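Written out below as structure tokens is the structure these notes cover.
2 protein chains.
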Amino acid sequence: MADIARLAGVHVSTVSRALAGNPLVESTQREKILKIAQDRGYVPNTAAANLRLRRTQTLSVVIPLHHEAGQALTDPFFVSMLGHLADEITQRGYGMYLKKVLPPATNWLQGLVQSHRADGVIVIGQSTEHAAIEAVSKTYPPLVVWGGHLQQQSYCTVGSDNVGGARAAVEHLIQSGRKRIVFMGDSNIPEMRLRQDGYRLALAQASRSATADVQIPSHMTADAAYEAMRAYIREGEKFDAVFAATDVIAISAIRALAASGLSVPKDVAVVGFDDIPMSAYTNPPLTTVRQDLQRGAKILVDLVLRRIDGEDTPSATMPAELIVRESSGARRK
Amino acid sequence: MADIARLAGVHVSTVSRALAGNPLVESTQREKILKIAQDRGYVPNTAAANLRLRRTQTLSVVIPLHHEAGQALTDPFFVSMLGHLADEITQRGYGMYLKKVLPPATNWLQGLVQSHRADGVIVIGQSTEHAAIEAVSKTYPPLVVWGGHLQQQSYCTVGSDNVGGARAAVEHLIQSGRKRIVFMGDSNIPEMRLRQDGYRLALAQASRSATADVQIPSHMTADAAYEAMRAYIREGEKFDAVFAATDVIAISAIRALAASGLSVPKDVAVVGFDDIPMSAYTNPPLTTVRQDLQRGAKILVDLVLRRIDGEDTPSATMPAELIVRESSGARRK
DNA sequence: TTGAAAGCGTTACCAA
DNA sequence: TTGGTAACGCTTTCAA
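First to last, the protein sequences are chains A and B. FYI, the numbering for the first sequence is 0 to 332, going by numbering that gives the first Met the number 0. FYI, the numbering for the second sequence is 0 to 332, going by numbering that gives the first Met the number 0.
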């Protein structure tokens with residue numbers, strides 16, 4: 000900026016004003032300065048401006064993968080969410096700072112916040128980090144979390160109606176005449192836990208004994224789910240349906256069932272959760288519960304920005320819609 | 000940091016040294032300072048440190064979408080690449096600043112570079128921005144581009160062997176007895192252009208008249224490709240195979256063919272390019288040319304970092320492997 | 001081993 | 001309308 004000032008024969012403060020569009024600078028002067036800056040491709044140093052302005056025009060997006068180190072950022076769910084967030088954040092004139100947090104990191108969120116890298120933080124998925132998030136949110140308002148809305152929580156979440164969506168999925172299986180419905184998922188992850196709750200609710204309402212159903216704790220990776228399903232089949236348990244807490248798990252289950260010589264949906268019906276793009280193309284196409292991630296991303300960004308402005312926004316829950324395809328064995332509507 | 004210094008009863012410079020692990024500070028002193036910082040969850044303000052150190056420990060990832068405004072960051076190819084880049088960049092101890100650039104932006108790259116937001120820049124896809132990239136690269140070394148390697152270019156690219164991969168794909172179609180092979184893609188995008196070159200090469204080598212083949216200029220969005228294919232079918236042209244420049248186009252083409260009552264692969268064989276995750280699950284599963292994005296991401300990051308260190312790295316081309324599935328009508332090997 | 005002070009490149013306040 | 005100057009929060013050189 001000092002260069003530009005010298006070339007234009009004015010003081011740096013005038014250059015700063017001109018570049019910021021401050022109407023005080025005389026128009027001829029402004030034109031001249033802008034032209035020089037333009038020609039030299041000059042753009043103010045953001046680090047310096049950030050320091051002075053105490054804002055960054057950037058939002059951090061964090062993905063904690065505490066529960067499963069091997070889970071790469073290639074997981075279709077995360078990756079779709081990221082794409083939508085990038086779209087939305089860009090559109091609002093902000094930049095996006097992406098951070099993946101691995102297991103042993105202590106103080107990961109506190110550290111990110113204190114580094115002042117961004118004006119606000121979006122956390123995708125609580126993972127097993129509920130406590131850490133809760134703690135930070137007490138003193139740092141511009142924080143919004145994609146995930147399950149828990150009873151005791153005081154931070155702001157955006158998420159789908161996990162209980163209701165899961166319930167609809169399991170009711171669909173029950174109505175299709177399935178008798179022994181297995182849940183696959185990891186109850187330690189809040190969102191999955193809520194889906195499990197929905198599953199149990201649906202069974203209870205149908206006066207179905209929960210004993211007829213079996214839990215398969217599963218990590219979120221495709222391979223872990225595949226192995227878990229195969230092992231479960233090998234144990235010789237009888238079941239005719241699977242409700243998986245995510246599509247990635249469901250798709251792995253389908254693979255495992257096929258590999259074990261079981262037909263989907265004839266022998267075993269499968270329903271997932273998420274409606275990742277791939278789900279429409281699996282064989283057979285996957286019945287699942289759709290989360291509207293584009294809308295979710297929009298709400299997430301909207302809420303952080305409002306929180307940056309000092310507003311105290313409540314959590315938001317979006318409806319989750321059952322999408323009936325062929326893997327659940329029902330006739331398409 | 001002033002707070003910490005006051006609490007510890009030392010000067011800020013000592014705190015700075017302690018936090019930076021400078022061995023000069025006396026160990027008891029250091030422990031004390033670190034403990035106070037720990038307790039208060041203190042982390043240095045990055046903007047200030049960056050300003051002073053003239054580096055950011057951040058890499059920018061830019062996605063120019065000049066050629067197709069509607070193309071969201073939800074495109075499976077971009078999104079997979081992003082995931083891998085996030086993994087790789089995080090692993091190297093850097094942060095990732097993600098920027099999506101839309102059509103009218105002039106000087107987008109120059110601006111990003113000058114803003115000093117990151118220590119290096121990775122551009123995903125040249126789009127129609129070859130000239131802009133070329134210009135900036137002259138004066139800004141730590142810039143690496145994912146895309147096609149062009150003759151006249153002086154910047155550093157990483158990409159697959161587009162010509163070779165496309166050629167293998169088309170040869171596969173020829174060997175399967177297909178006679179009239181249509182190329183779908185947009186020749187204005189360097190990578191697609193190279194794939195088209197490979198397509199032509201394969202035809203030429205088989206002494207096939209290029210007149211028997213037809214170009215369908217297509218934007219990259221799924222819908223545009225779908226419409227283009229439907230329109231082409233309506234024109235009544237005869238063809239028995241499609242080589243699409245991307246899987247997204249190929250999958251749309253399959254949908255369009257099915258909607259027009261044509262069977263894949265019986266009536267028309269389809270081959271794509273990219274091997275996005277979804278391709279293994281389409282109906283029928285898509286024959287395509289695989290790009291190893293994980294390895295690509297690794298190389299991209301590796302090269303930028305070496306360039307940040309002042310090295311002048313050459314471009315890298317990775318082999319592209321034909322994956323034969325069912326959409327091309329050949330028997331699986 | 002620690003303290004003092006300069007400086008990174010901006011922006012904003014106060015004077016002129 | 002413009003110029004000078006302080007301040008943003010840190011790191012590092014130089015002195016002590």
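Just so you know, even glycine gets a beta-carbon here, dropped at the ideal spot from N, CA and C. Bear in mind that the values here come from a model prediction, so they are computed numbers and not experimental data.
| query | result |
| --- | --- |
| Backbone CA spacing between B/W107 and B/I121 [nearest angstrom] | 13 Å |
| Three-state secondary structure (DSSP) of B/G82 | helix |
| Contact belief for A/A243 with A/M317 at Cβ below 8 Å, rounded distance in angstroms | Going by Cβ atoms, the distance from A/A243 to A/M317 rounds to 20 Å, so no, they are not a contact pair. |
| Beta-carbon spacing of B/V135, A/S79 below 8 Å | no |
| Neighbourhood of A/I322 by C-beta, 6 Å cutoff - its chain only, sequence neighbours within 5 removed | D274, T287 and R289 |
| Endpoints, the beta strand (DSSP E) within which B/L52 is located | B/L52 -> not in any beta strand (DSSP E); alpha helix (DSSP H) instead, spanning T45 to L52. |
| Contact set for B/D196: own chain, Cβ-Cβ below 6 Å, skip 5 residues either direction | V162 |
| Reduced DSSP secondary structure (H/G/I, E/B, other) of A/Q266 | Going by the sequence as given, residue 266 of chain A is Asp instead of Gln. Here A/D266 sits in coil by DSSP. |
| Contact set between A/L50 and chain B, taken where Cβ atoms lie within less than 9 Å | N44, A46, A47, N49 and L50 |
| Pairwise C-alpha distance: B/A17 and B/L33 | 7 Å |
| Nearest-angstrom beta carbon gap, B/V60 and B/I132 [assumed within contact, 8 Å] | Contact flag wrong, Cβ pair sits at about 14 Å. |
| Cross-chain neighbours of B/S114 in chain A, by beta carbon under 8 Å | V42, P43, N44 and T45 |
| Proximal residues, the stretch 70-88 of chain A versus chain B, C-beta separation under 9 Å | A71, L72, T73, D74, P75, F77, V78, S79, L81, G82, H83, L84, A85, D86 and I88 |
| Pairwise C-alpha distance: B/L52 and A/S114 | 15 Å |
| Short CB-CB distance (under 8 Å) between B/M95 and chain A | yes |
| Local Cβ density within 10 Å of B/K99, reported as buried at 16 or more and exposed below that | buried |
| Candidates A/G8, A/G271 and A/G40: closest to A/H171 by CA position | A/G271 |
| Cα-Cα separation, A/I180 to A/S326 | 14 Å |
| Boundaries (first-last residue) of the alpha helix (DSSP H) holding B/V288 | First-last for B/V288: T287 to R289, but that is the beta strand (DSSP E), not the alpha helix (DSSP H). |
| Neighbouring residues, chain A, relative to B/K99 (Cβ below 8 Å) | A85, D86 and T89 |
| Three-state class that DSSP yields for B/F77 in the structure shown | helix |
| Contact with chain B by A/Y225, beta-carbon distance below 8 Å | no |
| Min CB distance B/G271 to chain A below 8 Å | no |
| Buried versus exposed, by CB contacts within 10 Å (16 or more), B/P189 | buried |
| Whole-angstrom distance between A/V303 and A/T247, CA atom to CA atom | A small fix is needed here, since residue 247 of chain A is Val in this sequence, not Thr. For A/V247 and A/V303, the distance between alpha carbons rounds to 29 Å. |
| Simplified DSSP state of A/K332, which is helix, strand or coil | Note on A/K332: pLDDT 39, under 50, position unreliable in the model; no value is reported. |
| Beta-ladder partner(s) of A/P63, from DSSP | A/V100 |
| A/Q293 vs A/H10 beta-carbon contact at 8 Å | no |
| CB contact below 8 Å: B/T286 versus chain A | no |
| Spatial neighbours of A/H148 in its chain, beta-carbon cut-off 7 Å, leaving aside the 5 residues before and after | T156, G158, S314 and T316 |
| Which of helix, strand or coil DSSP assigns to A/I275 | coil |
| Contact with chain A by B/Y139, beta-carbon distance below 8 Å | no |
| B/T55: contacting residues in chain A (beta-carbon distance under 8 Å) | A46 |
| Cα-Cα separation, A/Q151 to A/H129 | 10 Å |
| Neighbouring residues, chain A, relative to B/T281 (Cβ below 7 Å) | Y280 |
| Residue-level contact to chain B via CB, A/G110, 8 Å cutoff | yes |
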